[in-house]
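With the UniProt record's numbering, the residue at position 126 of the sequence shown is 126, and numbering never jumps.
As structure tokens, the structure follows; a few thoughts come after it.
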Amino acid sequence: MSEARTAGGRIDDPSAVDGQLAAESETTLVVVTGVSGGGRSTVARALENVGYYVVDNLPQALMLDMAELAFKAGGAARRTAMVLDVRSRAFSTDLAGAIRELKERGFSPRVVFVDADDEVLIRRFESVRRSHPLQGDGRLADGIAVERGLLEEARDQADVIIDTSHLNVNQLRRRIEELFGGEDARRLRVTVLSFGFKYGLPPDADFVLDARFLPNPYWVPELREHTGREEAVSAYVLGQEGADAFVTSYADLVNATTIGFEREGKRYLTVAVGCTGGKHRSVAIAEELASRLRHSGLAANAQHRDLGRE
């Protein structure tokens with residue numbers, strides 16, 4: 001810390017303020033929160049895998065102290081993740097105020113919110129025979145509802161929301177490693193996510209594309225058992241009338257909006273591409289769109305939520 005700081009924490013030298021803020025802005029902070037059973041522990045382990053120092057169950061009142069300790073320690077501690085859950089929130093429920101205080105002191109925290117459908121959360125708790133932390137004498141669903149109310153503000157201000165309803169542990173880990181393990185974590189990162197409409201819309205999608213206007217390879221016997229990641233299916237889908245224009249139009253749209261998103265501080269963009277089952281058309285389109293976005297200079301990757309479910 002600058003020697004211009006007094007014992008009471010006040011800085012008398014204005015030039016020292018600028019120097020300290022510049023230095024503290026180099027400290028990478030990630031705040032992880034979300035619903036119980038949503039996958040916070042997996043996210044924490046994945047962040048450790050990419051070099052973050054992870055502090056679990058940190059009370060919000062101590063977030064600024066932890067950030068300044070990370071700044072003072074330097075080295076590996078300059079990449080710190082703070083994980084908050086309902087036990088952390090017992091000390092305070094003002095996450096917005098805690099984040100604002102961090103920003104006022106020159107830090108740039110990124111808030112990650114993990115979520116999942118209520119039915120999925122209930123199955124997860126029942127599978128490990130655990131009660132919900134806020135369940136009390138009621139049902140699991142009651143505890144989940146109470147927690148969602150407490151976390152509503154945190155979800156609204158999150159930089160990235162990850163719905164883990166259809167992700168296994170390894171898929172969630174890879175998602176975190178892709179988001180935070182790159183050389184430049186401050187760039188806008190685009191995930192092109194294929195999905196099947198019959199399994200529901202991805203709740204974390206920023207754009208939703210519908211590829212069902214294209215002929216379905218499912219009805220071509222020699223293609224039915226293959227996927228959109230294979231050359232034969234990809235060639236069939238992308239060779240259909242309107243397919244190239246469809247991909248080109250959305251690649252242009254994403255490229256046109258990235259400057260604005262980055263200006264507004266958005267770091268993660270999810271473009272969801274759907275077909276009926278998420279096996280053929282959406283997969284082929286997602287792979288092609290991600291490839292074109294990478295060619296235009298964006299950090300883009302394709303993921304396939306429902307591939308293998310049939």
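All residues carry an ideal CB built from backbone N, CA and C; glycine is no exception.
query, result
"V83 versus E231, V192, P59, residue with shortest Cα-Cα distance", "P59"
"Three-state secondary structure assigned by DSSP to V120", "helix"
"Pick from Y199, S291, A145, I99 that is closest to V112, judged by C-alpha positions", "I99"
"Top-ranked residue by Cα proximity to H280, from T227, E264, Y250, Y236", "T227"
"D194 in three-state terms, based on DSSP", "Note that residue 194 is Ser in the sequence shown, not Asp. Correct three-state label for S194: strand."
"Burial state of N49 (16 or more Cβ within 10 Å)", "exposed"
"Test item: CB-CB of L307 and S194 under 8 Å", "yes"
"Sufficient close CB pairs (3 or more, under 8 Å) joining the region 236-248 to the region 154-161", "no"
"Beta-bridge pairing of Y53 - partner residues as DSSP gives them", "T80"
"Simplified DSSP state of R110, which is helix, strand or coil", "strand"
"Rounded separation between G97 and S108 - CA only", "14 Å"
"Nearest-angstrom beta carbon gap, V114 and V35 [assumed within contact, 8 Å]", "7 Å"
"Same chain only: Cβ atoms within 7 Å of N216, ignoring 5 sequence neighbours per side", "T276, H280, R281"
"According to DSSP, residues forming a beta bridge with G274", "F195, D210"
"The region 143-155 in contact with the region 165-182 per 3-pair CB rule at 8 Å", "no"
"Of the listed residues E310, F207, G39, A232, nearest to V190 (C-alpha basis)", "F207"
"Own chain residues within Cβ distance below 8 Å of L47, not counting five before or after", "V30, V32, V54, A81, I176, F180"
"Residues near G274 in its chain [Cβ-Cβ closer than 8 Å; skip 5 each side]", "S194, F195, G196, F197, L201, V208, L209, D210, A211, R212, S282"
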